[in-house]
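Worksheet for the structure shown next.
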Amino acid sequence: MLVLSRFPGDSIRIGDDIVITVIEVRGDKVRLGIEAPQNIAVHRQEVYEAVQREFRKEG
0 MLVLSRFPGD SIRIGDDIVI TVIEVRGDKV RLGIEAPQNI AVHRQEVYEA
50 VQREFRKEG
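Oh and the sequence shown: position 39 is 38 in numbering that gives the first Met the number 0, straight run, nothing missing.
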């Protein structure tokens, strides 16, 4: 796992098409902005896990 330190307004780039920007840090919460192509699904971990559970039920 790559661990990076960033300040609000700083960005991280993944490949050519994905940019993650630190929008705000408040206490123990971080707000992130994510720019990605529409064909790339972006989910919070708990949403991704719920989608996967539903997919397995249907499969």
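Virtual Cβ for every residue (Gly too), placed ideally from N, Cα, C.
Computed from a prediction, not measured in an experiment: that's the story for all the values here.
- About 17 Å separates the Cβ atoms of Arg30 and Ile17, ruling out a contact at the 8 Å cut-off.
- Here the alpha carbons of Glu53 and Glu45 stand approximately 13 Å from one another.
- In the three-state scheme derived from DSSP, where H, G and I count as helix and E and B as strand, Val41 is classed as coil.
- Distance check between Arg25 and each of Pro7, Arg12 and Gly58 places Pro7 closest, using alpha-carbon atoms only.
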